[in-house]
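Numbered per the working numbering, the sequence shown spans residues 67 to 151. Don't be surprised by glycine CBs; every beta carbon is placed ideally from N, CA and C. These notes are about the structure you will find just below.
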Amino acid sequence: FGTGEGMFCGPTRVCVCADGRIAVADLGNYRVQVFDREGVLLRSFGSHGDGPGQFSSVFECSVGAGGEILAVDSERGDVQVFSRE
């Protein structure tokens, strides 16, 4: 539990990409973190705010057909799409 890389403060959803990457929506840290199959952090994105790449309440994540990660902000009522890289 915490705010550092690879730590969580209210994980709400987990989604698994076709290539085995695991994305976790982290409500309390306003971000999505992406891990490999072994649990090694590959990347994270998001911060608190209302601009592109920011979240007020990232609650859900999903994977698009091309491997992109979709993140739902339940407070703002929008979906942001992040490239698979």
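Taking a C-beta distance under 8 Å as the contact criterion, D85 and G133 qualify as a contact pair. Apart from the 5 residues on each side of it in sequence, S123 sits with its Cβ closer than 7 Å to the Cβ of L93, D139, S140 and E141 in its chain, given in chain order. Apart from the 5 residues on each side of it in sequence, V82 sits with its Cβ closer than 7 Å to the Cβ of I88 in its chain, given in chain order. Taking the CA atoms as reference points, V98 sits about 14 Å from G115. The C-alpha of G68 is placed about 23 Å away from the C-alpha of L136.
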